[in-house]
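> Below: one structure in structure tokens.
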Amino acid sequence: MFVTTKLWIQDAGYESTKEAFERSLERLGLDYLDLYLIHQPFGDVHGSWRAMEELYDEGKIRAIGVSNFYPDRLMDLVAHNDVVPAVNQIETHPFYQRVEDAEFLDEYDIQHQSWGPFAEGQNDIFEHDVLTSIGDKYGKTAAQVTLR
1 MFVTTKLWIQ
11 DAGYESTKEA
21 FERSLERLGL
31 DYLDLYLIHQ
41 PFGDVHGSWR
51 AMEELYDEGK
61 IRAIGVSNFY
71 PDRLMDLVAH
81 NDVVPAVNQI
91 ETHPFYQRVE
101 DAEFLDEYDI
111 QHQSWGPFAE
121 GQNDIFEHDV
131 LTSIGDKYGK
141 TAAQVTLR
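Sequential numbering of the sequence shown, starting at 1, is according to our numbering.
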């Protein structure tokens, strides 16, 4: 099992991050997290990141990352901290591919993790002609094509 959880906006800041992290561990009944993400780039992101770096260095978190960060905010973290985010979880799907974001993430060796890969069921994604034709070619469903 791989456990990921997020730091919510109201918990931004150095001390608040450490407290929120401990609450998460307690609620989950764990002694470490596999991945801890800053949910959005609001509030004291740098204070939160410093706390997460310390927790990472202490072995309480296996990887730290962010969610919903555009390249300009992500670059700010990369340039001013010791640990580069391992992940940026952003909305992407076949109808919203964010190519420039993906190129930035590749450049800094940050994993792109999609939230909403099925476009919330919009545009008949599971029946989309292009996706189903690719799926037919490889014996896969439109959903499998989308996730790949």
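Even for Gly, the Cβ is constructed at its ideal location relative to N, Cα and C. What you are looking at is a predicted structure, and each value in this text was computed from that prediction instead of being measured.
Quick one: what's Y56 bridged to in DSSP?
Beta-bridge pairing by DSSP links Y56 to no other residue.
> Given a threshold of 16 other Cβ atoms within 10 Å of its Cβ, counted over all protein chains shown, does F95 qualify as buried or as exposed?
exposed
> Which residues mark the beginning and the end of the alpha helix (DSSP H) in which G43 is found?
No alpha helix (DSSP H) holds G43; DSSP gives it neither H nor E.
> Which residues mark the beginning and the end of the alpha helix (DSSP H) in which L105 is found?
V99 to E107
> Could you give the residue range of the beta strand (DSSP E) that holds E91?
V87 to E91
> Between which two residues does the alpha helix (DSSP H) holding R62 run?
Per DSSP, R62 belongs to no alpha helix (DSSP H); it is in the beta strand (DSSP E), I61 to S67.
> Closer than 8 Å by C-beta to H39: which residues in its own chain qualify, once you throw out the five before and the five after it? Chain order, please.
K6, L7, W8, I9, S67 and N68
> Under a Cβ-count criterion, where at least 16 other Cβ atoms within 10 Å of its own Cβ denotes burial, should S133 be classed as buried or exposed?
exposed
> Just to confirm my understanding: we take R98, look at its own chain, exclude 5 residues before and 5 after, and list those with CB closer than 7 Å. What are they?
Cβ neighbours of R98 within its own chain (closer than 7 Å, five residues either side excluded): I90 and T92.
> Got a sec, what are the start and stop residues for the beta strand (DSSP E) T4 sits in?
T4 -> beta strand (DSSP E) spans T4 to L7.
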